[in-house]
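Notes to accompany the following structure.
There are 2 protein chains.
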Amino acid sequence: MTNIKELAKMAGVSVTTVSRVLNNHPYVSIEKRKAVLEAIEKSNYQKNINAVHLSTGRTQLIGVVLPFSDHPYFALLLKGIAKKALENNYKLVLFQTEYLESRELEALQMLKQKQIDSLIICSRACDLSVIEEHLLFGPIVLCENIKSEKISTTFVNHYKIFQEALEYLYQKGHREIGYCIGRLTGTSSYKRERAYRDFLEKYGLPYHSEYIMDKCLYFEDGEKVINQIKQMDTPPTALLVTNDQVAAGIVICCQKQHISIPDEISIIGFDNEPIAKMMNITSIEIPLVEMGMNLFLQAVSSDISNKEWSVKLMERETV
Amino acid sequence: MTNIKELAKMAGVSVTTVSRVLNNHPYVSIEKRKAVLEAIEKSNYQKNINAVHLSTGRTQLIGVVLPFSDHPYFALLLKGIAKKALENNYKLVLFQTEYLESRELEALQMLKQKQIDSLIICSRACDLSVIEEHLLFGPIVLCENIKSEKISTTFVNHYKIFQEALEYLYQKGHREIGYCIGRLTGTSSYKRERAYRDFLEKYGLPYHSEYIMDKCLYFEDGEKVINQIKQMDTPPTALLVTNDQVAAGIVICCQKQHISIPDEISIIGFDNEPIAKMMNITSIEIPLVEMGMNLFLQAVSSDISNKEWSVKLMERETV
DNA sequence: TTGTAGGCGTTATCAG
DNA sequence: CTGATAACGCCTACAA
Chain Y
2 MTNIKELAKM AGVSVTTVSR VLNNHPYVSI EKRKAVLEAI EKSNYQKNIN
52 AVHLSTGRTQ LIGVVLPFSD HPYFALLLKG IAKKALENNY KLVLFQTEYL
102 ESRELEALQM LKQKQIDSLI ICSRACDLSV IEEHLLFGPI VLCENIKSEK
152 ISTTFVNHYK IFQEALEYLY QKGHREIGYC IGRLTGTSSY KRERAYRDFL
202 EKYGLPYHSE YIMDKCLYFE DGEKVINQIK QMDTPPTALL VTNDQVAAGI
252 VICCQKQHIS IPDEISIIGF DNEPIAKMMN ITSIEIPLVE MGMNLFLQAV
302 SSDISNKEWS VKLMERETV
Chain H
2 MTNIKELAKM AGVSVTTVSR VLNNHPYVSI EKRKAVLEAI EKSNYQKNIN
52 AVHLSTGRTQ LIGVVLPFSD HPYFALLLKG IAKKALENNY KLVLFQTEYL
102 ESRELEALQM LKQKQIDSLI ICSRACDLSV IEEHLLFGPI VLCENIKSEK
152 ISTTFVNHYK IFQEALEYLY QKGHREIGYC IGRLTGTSSY KRERAYRDFL
202 EKYGLPYHSE YIMDKCLYFE DGEKVINQIK QMDTPPTALL VTNDQVAAGI
252 VICCQKQHIS IPDEISIIGF DNEPIAKMMN ITSIEIPLVE MGMNLFLQAV
302 SSDISNKEWS VKLMERETV
């Protein structure tokens, strides 16, 4: 592998001059520049990027932590992040955690070791204090509803969204309302539960723990939900469903079992994915791709910002 | 940031000894080892991984090239790759190409610059000769049906699969058979088209170019397919569909438009995703996660291998 | 078992 | 405009 030193020899200049040409710095005479370029051409030279990283202390690499890359919610966030990364000449290092804290720590470790310049955590498993400890080593961006002067965040207000969705269902006459989520822990799940309990309290409705169903991630989980509901003495008449995939699964399953939607049960999905439009599922649109793009921009920015995104209820035929 | 030199000073030993402790090399006395470990503890030391990379010439990073990470086919491959990467202490750098050759070249460039140790290309856009040129710089693994002594590959035999699927439909009485794919170019598409033409020829069936529908990637593309078919004078009576997502989209769309499956049209999907099982769609199972795992292992292995995986027809209710 | 010294390939500083 | 030379932080012959 030829290096900058050899190039210098070939072109009859110093390594400094070669470096200047390589990085488009000014103050190089036309002749010398030409000589260097020729040497580069002739030798098929390739920069050793690791040397650059060691020298500059940066890697143009950004870590992305997410539990599952095959889940549409995260796939869409990732799409937005990747788009901006490309535009800004950054590459992404992927950490699929499956919600294991240990894998999240690996990502933080890489930040510490300077292998990545900053870190985007799409869904957090470890404690917030652990994140804060690592801010020393580079920017960390979170995708959750936390107002912090130290950490940049991009989020939607899950409390408000849930509240409004519940009100909407209440206005439509529903009194037994359940919901499905991906996991019980995590900021957004807590916010949703709080909104749910506040709602029940406001209208003096009873709390059924069975109305909250977790581990709903994929299409096929819709079947599970319906099976659970069929076991209940007083099944809910409406369901807020973690995402449109699961909502679609529920709809399909209801068709198979001749459960009429929305007569017997109403469904509201999240994300407003194409599948929701196609299947006429009422859904709450979350601008995931845009949020992903913003996450990236925050990751490369030196100042802290907390950005809330608004959502939109798409009324269709499942309520 | 404290470095190895400072540690040496703190522990009263040489940098070599520190390095030895850091990398678990033998020949360090218990006392010195202890002294070093204490210094590490006290100073909150972190290795600068870029210096290691420069020094060793390797990065424990593997590039993964795929067109879209939100497409279930690639998401599943990625899942398998990520699983093995984790086990083997490698990290992944993601390249979403959207089939743009320029982005694929960026990945090859990173290999050249030693920022990644090897490269997995899940779906290739650039010319094979370009790949071969880059083999000098590190292993490159392909996920396509190419037998090569120079490049490792993991694949299913799309020609044979298509052939068998077409025969199956023929036995069921179908004579007008169409198919949907993601893109018209690419090794697997060529193999499929070849199988398709050979099949038509074998049975003396006419070739309708409109029976081949491309750009079918996601669930919502099912609607597009049905719309195209409805425009045809003699629509196909059976369809081989690129993946189960699209197949599901077609099934849903047919339901909406009261087109009976399999009476009016038969459907075979690919991948045997959960959605296919749930919706009772006949599908050809491709072991994508296992293939992903194999791709990773090939990427870190020093010898070349070409591994073909077999598939399985899951007969259900759409044929 | 330990340490010295040179090398990895760049970038940055500073004097000419 | 140009070029020595010193970082950057770690690894590893080789010598002791």
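These protein sequence lines are chains Y and H, in that order.
When we follow our numbering, the leftmost residue of the first sequence carries the number 2, and every step to the right adds one.
When we follow our numbering, the leftmost residue of the second sequence carries the number 2, and every step to the right adds one.
Glycine is no exception: its CB is placed at the ideal position from the N, C-alpha and C atoms.
Would residue i and residue j qualify as a contact pair, given that the criterion is a beta-carbon distance under 8 Å?
| i | j | result |
| --- | --- | --- |
| cysteine 123 of chain H | leucine 77 of chain H | no |
| serine 189 of chain H | asparagine 146 of chain H | yes |
| aspartate 71 of chain H | proline 73 of chain Y | yes |
| glutamine 299 of chain Y | threonine 155 of chain Y | yes |
| glycine 179 of chain H | proline 237 of chain H | yes |
| leucine 112 of chain Y | glycine 58 of chain Y | no |
| glutamine 61 of chain H | asparagine 24 of chain H | no |
| leucine 136 of chain H | lysine 151 of chain H | yes |
| isoleucine 269 of chain H | leucine 289 of chain H | no |
| serine 267 of chain H | alanine 239 of chain H | yes |
| tyrosine 252 of chain H | methionine 280 of chain H | The sequence shown places valine at residue 252 of chain H, rather than the tyrosine named in the question. Against a cut-off of 8 Å, the Cβ pair of methionine 280 of chain H and valine 252 of chain H comes out as a contact. |
| cysteine 144 of chain Y | glycine 183 of chain Y | no |
| lysine 85 of chain H | methionine 292 of chain H | no |
| glutamine 116 of chain Y | asparagine 51 of chain H | yes |
| isoleucine 82 of chain Y | phenylalanine 297 of chain Y | yes |
| phenylalanine 200 of chain Y | glutamine 164 of chain Y | yes |
| glutamine 114 of chain Y | lysine 43 of chain H | no |
| valine 320 of chain H | glutamate 286 of chain H | no |
| valine 53 of chain Y | valine 94 of chain H | no |
| glutamate 99 of chain H | phenylalanine 69 of chain H | yes |
Can you have a look at residue i and say buried or exposed, based on whether 16 or more other CB atoms are within 10 angstroms of its CB?
| i | result |
| --- | --- |
| methionine 244 of chain Y | A small correction: the amino acid at residue 244 of chain Y is asparagine; methionine does not occupy that position in the sequence shown. The residue is buried, with at least 16 neighbouring Cβ atoms inside 10 Å. |
| glutamate 221 of chain Y | buried |
| glutamate 224 of chain H | buried |
| aspartate 264 of chain H | exposed |
| glutamate 309 of chain Y | exposed |
| arginine 176 of chain Y | exposed |
| lysine 35 of chain Y | exposed |
| aspartate 118 of chain H | buried |
| glutamate 105 of chain Y | buried |
| tyrosine 169 of chain Y | buried |
| histidine 26 of chain Y | exposed |
| proline 207 of chain H | exposed |
| glutamine 172 of chain Y | exposed |
Mapping the DSSP letters down to three states, classify residue i as helix, strand or coil.
| i | result |
| --- | --- |
| methionine 320 of chain Y | Per the sequence shown, the amino acid found at residue 320 of chain Y is valine instead of methionine. Valine 320 of chain Y falls in the coil class under three-state DSSP. |
| tyrosine 180 of chain H | strand |
| leucine 296 of chain H | helix |
| phenylalanine 96 of chain Y | strand |
| leucine 201 of chain H | helix |
| leucine 218 of chain Y | coil |
| isoleucine 82 of chain Y | helix |
| valine 66 of chain H | strand |
| serine 149 of chain Y | coil |
| isoleucine 122 of chain H | strand |
| threonine 186 of chain Y | coil |
| serine 20 of chain H | helix |
| leucine 77 of chain H | helix |
| glutamate 1 of chain Y | Lying before the first or after the last residue shown, residue 1 of chain Y is absent from chain Y, which here runs from 2 to 320. |
| glutamate 274 of chain H | coil |
| leucine 206 of chain H | coil |
Please name the residue or residues paired with residue i in a DSSP beta bridge.
| i | result |
| --- | --- |
| glutamine 313 of chain H | Note on identity: in this sequence residue 313 of chain H is lysine, with glutamine being the wrong assignment. Per DSSP, H/Glu286. |
| serine 322 of chain H | Residue 322 of chain H cannot be examined here, being either before or after the span of chain H that is shown, 2 to 320. |
| asparagine 307 of chain H | H/Thr154 |
| methionine 279 of chain Y | Answer is none; methionine 279 of chain Y lacks a bridge partner. |
| isoleucine 213 of chain H | H/Tyr180 |
Considering residue i, what are the terminal residues of the alpha helix (DSSP H) in which it resides?
| i | result |
| --- | --- |
| phenylalanine 163 of chain Y | 159-172 |
| leucine 112 of chain H | 102-113 |
| glycine 223 of chain Y | 222-231 |
| glycine 250 of chain H | 245-257 |
| isoleucine 50 of chain Y | 50-57 |
| glutamate 39 of chain Y | 31-44 |
| isoleucine 132 of chain Y | 129-135 |
Within the continuous beta strand (DSSP E) that includes residue i, where are the two ends?
| i | result |
| --- | --- |
| leucine 143 of chain Y | 141-143 |
| isoleucine 5 of chain Y | Taken as a continuous stretch (DSSP letters only), isoleucine 5 of chain Y belongs to no beta strand (DSSP E), being part of the alpha helix (DSSP H) at 5-12. |
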